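Student: Every position in the sequence shown, counted from 1, becomes a number in the working numbering once 1025 is added. Sharing a structure with you now.
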Amino acid sequence: MKQLLFFPVCLMMCLSCSKDNSVLVQLDGVLSDYQRYIAQKEVVLDKLKEQLKKSETKEDRYNTTMDLYRAYQDFSLDSSLVYIKQSLRLADELGEQERIIDTHLSLAFLYNYVGMHNEALEIFKEQDVTGHSDWLRRSHFYLGTNVYRNLSQYSVDKEQKEYYRHQMEICRDSAITYAPNDVILRAERLEDSGKMQEAVALLSTNLPDGLTTREAGLKYYILSEIYEKLHQRDAQIKYLAMSSVAGIKNAVREYIALRKLAVILYEQGDINRAYTYIHRCIDDAKACNARMRMVETSAFLSVIDSAVVKQKQDTKNALTTTATVIGLLLLLLASTLIVLRKKMNLLQRSEKELMMANNQLSEANHIKEEYITRFMHLCLDYINKMENYRSHLNKIARKRNFDELYETIQSTRYINKEVNDFYNSFDEAFLHIFPTFMEDFNALLRPDSRIVLLKSKDHLTTELRIYALLKLGISDSTQVQKFLRCSASTVYNYRTNMRNKAINRDTFEQDVLNI
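Set out below in structure tokens:
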């Protein structure tokens, strides 16, 4: 039988391991909605109080005060005590013995809740349930089971602890005798007997995941205890979380599961959840006035609070370190960007200079090509003209007309014509290479000093030819005067006069070069 039970138990363990984190997420969500469940509980309590006011008979008042006792039992122990004492007076007045015993047992259950174990034990021993109904006998021995369990748990004397434990087992066996279908009592007996797999199988029957009744919450807690003994930590966490979810949804303020879960999560390093859970526990214990739970929870509260303070300090230190590192990286990045920017500027400047050099080279090549072609044509024309001139002189010489020959040789008409033709050819070639030279040149002059060509736009004035030569790289005054067949002072005066007309006198000639 044990072997048959072992496989489903192992399967449940594996499934629990994969779901424990999702259950914690569910628990976080339920805790965030905590006030809604409290409000729902208070609505139920208000309805019961209103019902108590409207109760006309002692029987009705007794039943309602018992309902209020049970409703407040794990919500507010002080209020629960008030209503159970009212129920006790009403039970005495009604005079039904079984009702009186049941009410005393309920009072003892409450005493056991708040840690008054000896008072609860005294009431347990005083009640004689012989001859009464099975459900009352079951309640009586169920009370004994819980009282003796707590006495055994908190006893420091080993022999006394063992005695209480033995009495607990006797009471539990008796309770099961009168309630053989009580799953919780039977599962606890299997657990204490070491039959863990059978206990899990029994508790898991008709207990699907997601069930959040109060009875389901108790079963989940017992399952967590079993998995703790089996050293199945993930499964233990899962069922502690499920028990906590059930408790919160039923507005239970007196519990153990959430506190145990907080301790485990703290040990696993989940400080934030442990902090949230333990503070929920202490707040609920105070609201419920569950002094025993307050003592148990407070013992661990300072440990978690210290861990949270340390975690915050560690986080602060980590942020400071991170900020410092980021700052240094930003400085390094800024320095790198500055260096790169300088290199980029240098590269751009080099590219610009290279582009200008290429443009100048292209321009120079174009000028050379244009002027070589012009030069060849001029040379050919000049050779032809020289040949014609020689023929003309030869004809005069054959006629022996020496006066005419002398007059022709002395005349400058031929030379002047050739010079004018040369200048016209130069002007045409230059303006062909630089078609916008005139507009660009005038743009460098003041508006009132700009040059207006009265002749053909294909011809330049002498002063414009000076700057045309400058544009072509001929800036030496001696070369310019030879080219223009004028004196050095004339060239100087032209250049000075033109600089005076310029918008920017100091950079004028460089600006012309840049056209």
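In this text, a Cβ means the ideal position worked out from N, Cα and C, and glycines have one as well. Remember, predicted model here, so these are calculated numbers, not experimental data.
#1: Have a look at 1448, 1056, 1329 and flag the residue whose alpha-carbon is nearest the alpha-carbon of residue 1293.
#2: Beta-carbon separation of residue 1204 and residue 1212 under 7 Å?
#3: If you measure between the beta carbons of residue 1311 and residue 1062, is that distance less than 7 Å?
#4: Which whole-angstrom value is the C-beta distance of residue 1199 and residue 1189, which I expect to be below 8 Å?
#5: Any heavy atom of the ligand FMN closer than 6 Å to the Cβ of residue 1468?
#6: Hey, residue 1246 and residue 1282 are a contact pair by Cβ (cut 8 Å); roughly how many whole angstroms apart?
#7: For residue 1101, I'd like the list of residues in its chain whose CB is within less than 8 Å of its CB, leaving aside the five on either flank, ordered along the chain.
#8: Contact check, residue 1316 vs residue 1139 under 8 Å by CB: the rounded distance?
#9: Are there three or more Cβ pairs, one per stretch, closer than 8 Å when the segment 1441-1459 is compared with the segment 1485-1500?
#10: Which term fits residue 1263, buried or exposed, when burial requires 16 or more other beta carbons within 10 angstroms of its beta carbon?
#11: Less than 7 Å between the C-beta atoms of residue 1540 and residue 1473, yes or no?
#12: Inspect the beta-carbon positions of residue 1148 and residue 1129 and report whether they are closer than 7 Å.
#13: If we count the other Cβ atoms within 10 Å of its Cβ and call it buried at 16 or more, is residue 1219 buried or exposed?
#14: State the DSSP-derived secondary structure class of residue 1266, mapped to helix, strand or coil.
#15: When burial is assigned at 16 or more other CB atoms within 10 Å of the CB, is residue 1210 buried or exposed?
#16: Which of helix, strand or coil does DSSP assign to residue 1044?
#17: Between the beta-carbon of residue 1307 and the beta-carbon of residue 1326, is there less than 7 Å?
#18: Have a look at residue 1486 and residue 1374 and give me their C-alpha separation to the nearest angstrom.
#19: In terms of residues, what are the limits of the alpha helix (DSSP H) holding residue 1249?
#20: Assign residue 1365 to one of two classes, buried (16 or more other C-beta atoms within 10 Å of its C-beta) or exposed (fewer than that).
#21: Once DSSP output is grouped into helix, strand and coil, what is the label at residue 1527?
#22: Closer than 8 Å by C-beta to residue 1265: which residues in its own chain qualify, once you throw out the five before and the five after it? Chain order, please.
#23: On the DSSP letters alone, give me the boundaries of the alpha helix (DSSP H) that residue 1511 sits inside.
#24: Under the DSSP definition of a beta bridge, which residues are partnered with residue 1560?
#25: Could you work out which residue in 1419, 1280, 1048, 1497 is closest to residue 1261 when comparing CA atoms only?
#26: Is it buried or exposed, residue 1090, if we count other Cβ atoms within 10 angstroms and call 16 or more buried?
#27: The alpha helix (DSSP H) spanning residue 1312 covers which residue range?
#28: Say whether the segment 1161-1172 touches the segment 1118-1132, bearing in mind that this needs 3 or more beta-carbon pairs closer than 8 Å, one atom from each stretch.
#29: Would you say residue 1196 and residue 1156 are within 7 Å of each other, going by their C-beta atoms?
#30: So is residue 1134 buried or exposed if we call it buried at 16+ other beta carbons inside 10 Å?
#31: Here's the rule I'm using: 16 or more other beta-carbon atoms within 10 Å means buried, otherwise exposed. How should residue 1268 be labelled?
#32: So, using beta-carbon positions, are residue 1221 and residue 1243 closer together than 7 Å?
#33: Could you round the C-beta distance between residue 1115 and residue 1086 to whole angstroms and report it? I think they count as a contact, below 8 Å.
#34: Going by alpha carbons, who is nearest to residue 1141 out of 1154, 1173, 1092?
#35: Can you tell me which of the three DSSP states residue 1154 falls into?
#36: Please report the residue range of the alpha helix (DSSP H) in which residue 1093 lies.
Tutor: To lay it out plainly:
#1: By one-based count along the sequence shown, residue 1293 stands at place 268. Minimum Cα distance to residue 1293 is reached at 1329.
#2: In the sequence shown, residue 1204 corresponds to position 179, counting from 1. In the sequence shown, residue 1212 corresponds to position 187, counting from 1. Going by C-beta atoms, residue 1204 is not nearer than 7 Å to residue 1212.
#3: For the purposes of this step, residue 1311 is taken as the residue at position 286 of the sequence shown. For the purposes of this step, residue 1062 is taken as the residue at position 37 of the sequence shown. Cβ atoms of residue 1311 and residue 1062: not closer than 7 Å.
#4: Position 174 of the sequence shown holds residue 1199. Position 164 of the sequence shown holds residue 1189. Not quite, the Cβ-Cβ distance comes to about 16 Å (not below 8 Å), so this is no contact.
#5: Only the bare structure without any ligand can be found here, which leaves the ligand FMN out of the picture.
#6: The residue you call residue 1246 lines up with position 221 of the sequence shown. The residue you call residue 1282 lines up with position 257 of the sequence shown. Going by Cβ atoms, the distance from residue 1246 to residue 1282 rounds to 5 Å, so yes, they are a contact pair.
#7: Position 76 of the sequence shown, counted from the first residue, corresponds to residue 1101. Excluding residues within five positions, the ones whose Cβ falls inside 8 Å are 1278, 1312, 1313, 1314.
#8: Position 291 of the sequence shown, counting from 1, holds the residue named residue 1316. Position 114 of the sequence shown, counting from 1, holds the residue named residue 1139. That pair is a contact at about 6 Å.
#9: yes
#10: In the sequence shown, residue 1263 corresponds to position 238, counting from 1. It counts as buried.
#11: For the purposes of this step, residue 1540 is identified with residue 515 of the sequence shown, where counting begins at 1. For the purposes of this step, residue 1473 is identified with residue 448 of the sequence shown, where counting begins at 1. No; because the gap between Cβ atoms is not below 7 Å, this pair is not in contact.
#12: In the sequence shown, the residue the question calls residue 1148 occupies position 123. In the sequence shown, the residue the question calls residue 1129 occupies position 104. In contact: residue 1148 and residue 1129 (Cβ atoms closer than 7 Å).
#13: Here residue 1219 is taken as the residue at index 194 of the sequence shown, counted from 1. Exposed is the call here.
#14: For the purposes of this step, residue 1266 is taken as the residue at position 241 of the sequence shown. In the structure shown, residue 1266 sits in a helix (DSSP, three-state: H, G or I).
#15: Along the sequence shown, one-based indexing puts residue 1210 at 185. So residue 1210 ends up on the buried side.
#16: As a first step, residue 1044 must be located in the sequence shown, where it is residue number 19. Here the model assigns residue 1044 a pLDDT of 44, short of 50, so the residue's position is not dependable, and the following value carries that caveat. The answer is helix: DSSP assigns residue 1044 an H, G or I state.
#17: Taking the first residue of the sequence shown as 1, we reach residue 1307 at position 282. Taking the first residue of the sequence shown as 1, we reach residue 1326 at position 301. The answer is yes: Cβ separation under 7 Å.
#18: Within the sequence shown, the letter at position 461 stands for residue 1486. Within the sequence shown, the letter at position 349 stands for residue 1374. Looking at the two C-alpha atoms, the distance is approximately 37 Å.
#19: Locating residue 1249 in the sequence shown gives position 224, where the first residue counts as 1. It spans 1239-1254 - the alpha helix (DSSP H) in which residue 1249 sits, taken as one unbroken run.
#20: Your numbering for residue 1365 matches position 340 in the sequence shown. Classification of residue 1365: exposed, given that the 10 Å Cβ count is below 16.
#21: Here residue 1527 refers to the residue found at position 502 when the sequence shown is read from its first residue. Strand, per DSSP.
#22: Position 240 of the sequence shown, counting from 1, holds the residue named residue 1265. So the qualifying residues of the chain are 1245, 1246, 1249, 1282, 1283, 1285, 1286, 1289.
#23: For the purposes of this step, residue 1511 is taken as the residue at position 486 of the sequence shown. Per DSSP, residue 1511 belongs to no alpha helix (DSSP H) and is neither H nor E.
#24: Only positions 1026 to 1540 of the chain appear in this structure, which leaves residue 1560 out of reach.
#25: Position 236 of the sequence shown, counting from 1, holds the residue named residue 1261. Of the candidates 1419, 1280, 1048, 1497, the one whose C-alpha sits nearest the C-alpha of residue 1261 is 1048.
#26: Counting from one through the sequence shown, the residue named residue 1090 turns up at place 65. That one is buried.
#27: On the sequence shown, position 287 is the one that residue 1312 refers to. Element bounds for residue 1312: 1296-1313.
#28: yes
#29: Taking the sequence shown and counting its residues from 1, one reaches residue 1196 at position 171. Taking the sequence shown and counting its residues from 1, one reaches residue 1156 at position 131. No; because the gap between Cβ atoms is not below 7 Å, this pair is not in contact.
#30: Here the question's residue 1134 lines up with position 109 in the sequence shown. Buried, because 16 or more other Cβ atoms sit within 10 Å of the Cβ of residue 1134.
#31: Counting from 1 along the sequence shown, the entry for residue 1268 is found at position 243. Residue 1268 should be labelled buried.
#32: Here the question's residue 1221 lines up with position 196 in the sequence shown. Here the question's residue 1243 lines up with position 218 in the sequence shown. Cβ atoms of residue 1221 and residue 1243: not closer than 7 Å.
#33: Numbered from its first residue, the sequence shown carries residue 1115 at position 90. Numbered from its first residue, the sequence shown carries residue 1086 at position 61. Indeed, because the Cβ distance is near 6 Å, the residues count as touching under 8 Å.
#34: Locating residue 1141 in the sequence shown gives position 116, counting from the first residue. Measuring from the Cα of residue 1141, the nearest candidate turns out to be 1173.
#35: Walking along the sequence shown from the start, residue 1154 turns up at place 129. Three-state DSSP puts residue 1154 in coil, outside helix and strand.
#36: Start at 1 with the first residue of the sequence shown, and residue 1093 comes out as number 68. It spans 1083-1097 - the alpha helix (DSSP H) in which residue 1093 sits, taken as one unbroken run.
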